[in-house]
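The next block holds one structure in the form of structure tokens; read it before the comments.
Numbering (the numbering used here), first residue to last: 18 to 168.
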């Protein structure tokens, strides 16, 4: 599991991405990847709220995965978004990285001042601070590996 400093250092690493860099797998551009990650940080810091998309046995199966040592598969399709790329929201990659940095900082501030806070992840259900750290470690590790950034 990654530490706060590991996460907060990531925006500097992302600045090494070239706008047109080709991923090792998948269809995301660097900016699509960063904007995708922004969404999970917005949910984890309470700025955006979503309902879990699964319940019962399906949710249990998904949670077992996120809390396991099993990595995300390459080319996995997000069950919430489906196939294809989402529309870009930021004017450029640097603006997306800056926004990500803000959302990450907000996550740590939010959970430091609300230690019992729990937020719903659309795929993995209700997560507390530690659950979000586990998720973000696995999720970001997957996407950073797409672009050969160590995490």
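Glycine included, each C-beta is placed from N, C-alpha and C at the ideal position.
Quick one: is residue 46 buried, meaning 16 or more other Cβ sit within 10 Å of its Cβ, or exposed? buried
Buried or exposed (CB count within 10 angstroms, at least 16 for buried), residue 121: buried
In three-state terms, what does DSSP make of residue 166? coil
Member of 142, 75, 157 whose CA lies at the smallest distance from the CA of residue 68: 142
Helix, strand or coil, according to DSSP, for residue 34 in the structure here? coil
Could you give the DSSP three-state label for residue 158: helix, strand or coil? helix
If residue 114 and residue 32 are in contact, beta carbons under 8 angstroms, what's the gap, nearest whole angstrom? 6 angstroms
Which of the three DSSP states, helix, strand or coil, is assigned to residue 137? strand
Would you call the CB atoms of residue 84 and residue 151 closer than 8 angstroms? yes
Contacts around residue 34, its chain only, beta-carbon distance under 7 angstroms, and the 5 residues preceding and following it disregarded: 47, 110, 164
Cβ separation of residue 159 and residue 54, assumed to be a contact under 8 angstroms, to the nearest whole Å: With 8 angstroms as the limit, residue 159 and residue 54 do not qualify as a contact, their Cβ atoms being about 10 angstroms apart.
Can you name the start and end residues of the beta strand (DSSP E) that residue 143 belongs to? 142-144
Check the C-beta distance from residue 57 over to residue 153 and give it rounded, since I have them as a contact under 8 angstroms. 7 angstroms
Simplified DSSP assignment, three categories, for residue 119: helix
Rounded to the nearest angstrom, what separates residue 129 and residue 24 at their Cα positions? 15 angstroms
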